[in-house]
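Per our numbering, the sequence shown starts with residue 738, numbered consecutively.
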Amino acid sequence: MTTASSLISSSHHIDFDSVFGMEDTGMVHMFESLITTGLKNFLGCPAVFSEAALIEFFANGSVRDGLVVSTMNGVHVEISEKVFAEAFELPIDGLTDVSDVPKNLVFDARSLFSASQEQVSISCLKKELKLEVRLLHDILAKTMFVKAGSFDAVTRERFMLMTCITYGVKVNWSILLFNVLKEMVTPASRQAKGFAIQICAILKTVPGFVFGESRVFPASRVLTEKSIHRYVAVNDKVGGEADIDAPRVKKTPVKKAVSHKRPAVDIETVPVVKKQRTTKGKPLVIAQEAVPLQIVEVAADAPVEQPPVPKRKS
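Laid out in structure tokens, this is it:
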């Protein structure tokens, strides 16, 4: 069963006003590129969602004649590619096939994205990339294409899209993202479900539909200046394996490890002192054992020699 928590478990929402207050030029440039490519309203729309509405939408959702359709509280809902694109002002022109990305830009990106002096492969590990590129990869994988499982590996498709975003190549995000939505409501599809706040933003515009009780997107899933600073600090220490999710960062505080070790040292020290004090009381025992018991007994049984009695003179 689809739950609201599963729809937002790995998704990132972006507070663009906050992230542009950063001094990290690499991060700022990455977020500027997301705006340039036309994704600001999709990634930064009002972060409000309704759990009940989402559950009902996916429970009754399907694809019919190229439209995403569902029935909610007796209200028929239809979402076309045009409605989807207009809701978030997504570009409707540009590349739809990553194979069309210019090869010279891909070659340059292999060096630009690398965290070292060596070029990375198009299919590489995320830890080989610069921090701002790792975060861009997570935004693509988790929020836009909603992939399930591990995010440690960079696929060829995501590398190509990161190249387009970074170098300003036009992408038809309307088609790409709407296709993801269609897969989400297709029965037996292996596509993970997401787009929680985006779907709710569209449902609010449906005539006759009562949205119901809503919730604010969890702060731990919102990219802000503070959360990104924490992301950078943690990944600098652990080599890029940590996620930006706040609860994960708090699981390994340094102070706890130190506090457990100190009492252990004190406990070990006390018995050593006691043993030394105990050994000081043992000389009496050693002194008693200095003379074997057998020797004492033999000495007690030995005949006592008497001095010779002088003879009397007659």
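For glycine and all other residues, C-beta sits at the position ideal for the given N, C-alpha and C.
For Phe786 and His813, the rounded distance between their alpha carbons: Answer to the nearest angstrom: the Cα atoms are 19 Å apart.
Under the three-state DSSP convention, the category Ala890 falls into: DSSP places Ala890 in the strand class (E or B) of the three-state scheme.
Glu815 vs Asn778 beta-carbon contact at 7 Å: The Cβ atoms of Glu815 and Asn778 do not sit closer than 7 Å to each other.
Burial state of Lys1017 (16 or more Cβ within 10 Å): Note that Lys1017 scores 47 on pLDDT, short of 50, meaning its location in the model is unreliable; the coordinates nonetheless yield the value given after this. So Lys1017 ends up on the exposed side.
From Leu873, Ala956 and Thr880, residue whose alpha carbon lies closest to that of Phe768: Ranking the options by Cα distance to Phe768, first place goes to Leu873.
As assigned by DSSP and simplified to three states, the class of Leu827: Collapsing the DSSP output to three states places Leu827 in coil.
Whole-angstrom distance between Thr892 and His766, CA atom to CA atom: Taking the Cα positions, His766 is about 22 Å away from Thr892.
Contact under 7 Å by Cβ, Ala822 with Ser911: The answer is yes: Cβ separation under 7 Å.
Touch test, the stretch 949 to 966 against the stretch 754 to 763, Cβ-Cβ under 8 Å, three pairs minimum: Inter-segment contact for the stretch 949 to 966 and the stretch 754 to 763 is present: three or more beta-carbon pairs are separated by less than 8 Å.
Alpha-carbon spacing of Lys879 relative to Gly811, whole angstroms: So the alpha carbons of these two residues sit roughly 32 Å apart.
Where Thr808 falls: helix, strand or coil (DSSP): Note: Thr808 maps to strand in three-state DSSP.
In DSSP terms, what Leu862 is bridged to: Answer is Ala890.
Three CB pairs or more closer than 8 Å across the stretch 799 to 809 and the stretch 917 to 933: With a cut-off of 8 Å, the stretch 917 to 933 and the stretch 799 to 809 count as touching, because enough Cβ pairs lie within range.
Same chain, Cβ closer than 6 Å to Gln928, neighbours up to 5 away in sequence not counted: Leaving aside the five residues that flank Gln928 on each side, the residues in its chain whose CB is nearer than 6 Å to its CB run, in chain order, Glu920 and Met921.
With 16 other Cβ atoms within 10 Å as the buried cut-off, status of Gln854: Exposed: under 16 other Cβ atoms inside 10 Å.
Three-way DSSP call (helix, strand, coil) for Val870 in this model: When secondary structure is reduced to three states using DSSP, Val870 falls in the helix class.
Sufficient close CB pairs (3 or more, under 8 Å) joining the stretch 842 to 854 to the stretch 897 to 905: In the pairwise beta carbon analysis, the stretch 842 to 854 is classified as touching the stretch 897 to 905: at least three pairs are separated by under 8 Å.
Enclosing alpha helix (DSSP H) for Ser911 [first to last residue]: For Ser911, the enclosing alpha helix (DSSP H) begins and ends at Trp910 to Met921.
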